[in-house]
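To start, the structure itself, in structure tokens.
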Amino acid sequence: MQIAFDNSYTRLPDRMFRPVAPAIVSKPELIRVNRPLADELGLDLAGLSDDELAGIFSGNVLPEGAASIAMAYAGHQFGQFNPQLGDGRAILMGEVVDSKGQRRDIQLKGAGETPFSRNGDGRAALGPVLREYIVSEAMAALGIPTTRALAAVLTGEDIYRETLLPGAVFTRVAASHIRVGTFQLFASRGDGDAVKALADHVIDRHYPEAKTQSAPYCALLNAIAARQAGLIARWMSVGFIHGVMNTDNMAISGETIDFGPCAFLDEYDPGKVFSSIDRQGRYAYGNQPGIGQWNLARLAECLLPLLDDNEEKAVEIANAALVEFGRVFQERWLSAFRAKLGLHGEAEGDLDLVNGLLGLMHRSSSDFTLTFRALGKVAGGAGEEALRVLLGNGDDFAVWLSLWRQRIDGQGAPEQIQSAMDAVNPALIPRNHRIEEAIQAATYNDFSFFERLTTALQRPYVDDVAYDDLRVPPAPEERVTRTFCGT
Ligand code: AMP
Ligand code: MG
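Here the numbering used here is used: the first residue of the sequence shown is 165, the next is one more, and so on.
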């Protein structure tokens, strides 16, 4: 296959990456390739057999002109600085410019050891590969900025993770794989030239508007802050928990990246944690905005020398960016939840109305997704009983409902309010127990449920009767309480 690579990252100083070739695997077998995404990237897959595709997306056959590098980075993991991380099992195949003129990375994950593998084997197990495939494509369909899934391939080789598991390679597409941790690596070494080269690259690639500002690096920091704040507001609005928001897992582009132990809320609880390694709840659902700001502070520290020659002034600028993050987050969050409640315009008391509902949801442990969808039905003039069952039939529910009714009264036709709400409140999310079910079946070589789930999740805002079963929260015995990084 010919791919029109244009590898800009390899034109940066060579201490930013290491050349590495993917490992050859014994029996690559295609699980799935995302043809619409391939089209978007200008990849011509027509005429390629599944075996040929498996050869390419396992890393066995590297297309001509591939970059074939592992990127260097550092990062704070659960608050502790690790000066040397880097792509330990990911290899950048290369960059292409897509049909919209956007530069995109194509990266193989689980493609073998790299100079950054440390004690790892460079491989990925089938389970986490399918999880990332399902969740990243679901996020894209929900309209949330995210890396994408281009392909998943079995390697035909078992890998050891407490037990033997099928190995797989995941092909990921990202606006770039530059992380907060990429800046941290060079800043921690006192390599100001590399920090500047990276910042310039990021401006060209993701924030070209910063170039026209009088202080481009301040504009860059503020723009990254705003995008990250907007992203986390979107996560919150669908009940998404990233699970491992280390600084090496925060993309500078503002896309959701590194789907490890991520999960969606079933019942609403701001303290909810799924990740088995997050024992303190650092990355709990409700902590995400605060952690996003903490990560941004780490980025701002790296950029200080670029913000102003005067250190005090540089710190002031950095602090202002952190304040801006908080402001933008609050604004985007409220605007997302206004839409979820069907509130047009802005009125005093909206924040209380939103918090009032969230409080009811928390107290009654109501399902996050079902509740908002049910509220939409009530706005449309039906289904009050279903909402009452979800939220508990207390006086506080009745009081809240009448306040909400007063607020949406006179906004327009009920069906219009409902359809606007249905367009932002998903009917279908990738529920944890369904992801597990898909992984379990796939481990026994049955990919039919994975296919069905992935297909269903392409239209998350539609009530499709064919997928009624996928919308139901887990029964007590189906509950998945822990998710794993799978590394
Ligand atoms: P993560 O928590 O998955 O984002 O990974 C943290 C770091 O560990 C990154 O530098 C990864 O490249 C590295 N890593 C994760 N799994 C493996 C593996 N199986 N082999 C080598 N490195 C790994
Ligand atoms: Mg990572």
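Backbone N, C-alpha and C define an ideal beta-carbon position, used for all residues, glycine too.
* To do: Give the DSSP-derived three-state secondary structure of Asn246 in the structure shown.
  => strand
* Take the Cβ of Asp652 as the centre, count every other Cβ of all protein chains shown within 10 Å, and call the residue buried at 16 or more, exposed below. => The question about residue 652 has no answer here: the residues shown for the chain are numbered 165 through 651.
* Can you tell which of Gln392, Ala478, Phe428 has its C-alpha closest to the C-alpha of Arg496? -> Gln392
* Asked: Using a Cβ-Cβ cut-off of 8 Å (strictly less than) and excluding sequence neighbours within five positions of Val479, which residues of its own chain qualify?
  -> Leu468
* **Bounding residues of the alpha helix (DSSP H) (the contiguous stretch that carries Ala503)** => 475–505
* Let me know the secondary structure DSSP gives Gln377 once reduced to three states. => coil
* Leu194 (DSSP reduced to helix, strand or coil) -> strand
* Whole angstroms is fine: what's the gap from Ser222's alpha carbon to Gly258's? => 15 Å
* Just to confirm, are Glu204 and Asp269 a CB contact at a threshold of 8 Å? -> no
* **Residue closest to Asn459, alpha-carbon to alpha-carbon, out of Arg443, His597, Lys477, Ala482** => Ala482
* Where Arg623 and Leu471 are concerned, what is the direct C-alpha to C-alpha distance, given to the nearest angstrom? -> 43 Å
* Using DSSP with H/G/I as helix, E/B as strand and the rest coil, what is Val333? -> strand
* Pull up the CB-CB distance for Ala591 and Tyr625, whole angstroms please, since I reckon it's below 8 Å. => 6 Å
* In terms of DSSP beta bridges, what is Ile327 paired with? -> Note that residue 327 is Thr in the sequence shown, not Ile. Looking at the DSSP assignment, Thr327 forms a beta bridge with Arg325.
* Asked: Can Ile323 and Ala289 be called in contact, C-beta distance under 8 Å?
  -> yes
* To do: Quick one: grab the DSSP three-state call for Ala415.
  => strand
* **Nearest to Phe404 (by Cα), restricted to the options Ser417, Ile421, Ala389** => Ile421
* **When Phe489, Gly445, Glu431 are compared against Val437, the one with the closest alpha-carbon** => Gly445
* To do: Compute the distance between the beta-carbons of His406 and Cys426, then report whether it is under 8 Å.
  => yes
* Those runs of the alpha helix (DSSP H) which lie wholly inside the stretch 199–277 and span at least 4 residues -> 199–204, 214–221
* Same chain, Cβ closer than 6 Å to Arg398, neighbours up to 5 away in sequence not counted -> Ile308
* Can you give me the Cβ contacts of Asn198 inside the same chain, cut-off strictly under 8 Å, excluding the 5 residues immediately before and after it? => Glu301, Arg312, Ala313, Leu314, Ala315
* To do: Confirm the yes/no value for this check: CB of Asp628, any heavy atom of ligand 1, distance under 7 Å.
  => no
* Asked: Alpha carbon to alpha carbon, what distance is there between Pro594 and Phe428?
  -> 7 Å
* **Pairwise C-alpha distance: Glu277 and Ile188** => 11 Å
* Asked: When a residue counts only if its C-beta is closer than 6 Å to some heavy atom of ligand 2, which residues count, in chain order?
  -> Asp412, Asn413, Asp422
* To do: Over the uninterrupted beta strand (DSSP E) stretch that includes Pro183, give me the two end residues.
  => 181–183
* Neighbourhood of Pro652 by C-beta distance below 7 Å, restricted to the same chain and skipping five residues each side -> A question about residue 652 goes unanswered here, because the residues of the chain that appear run from 165 up to 651.
* **Glu475 versus Asp364: straight-line alpha-carbon distance, rounded** => 21 Å
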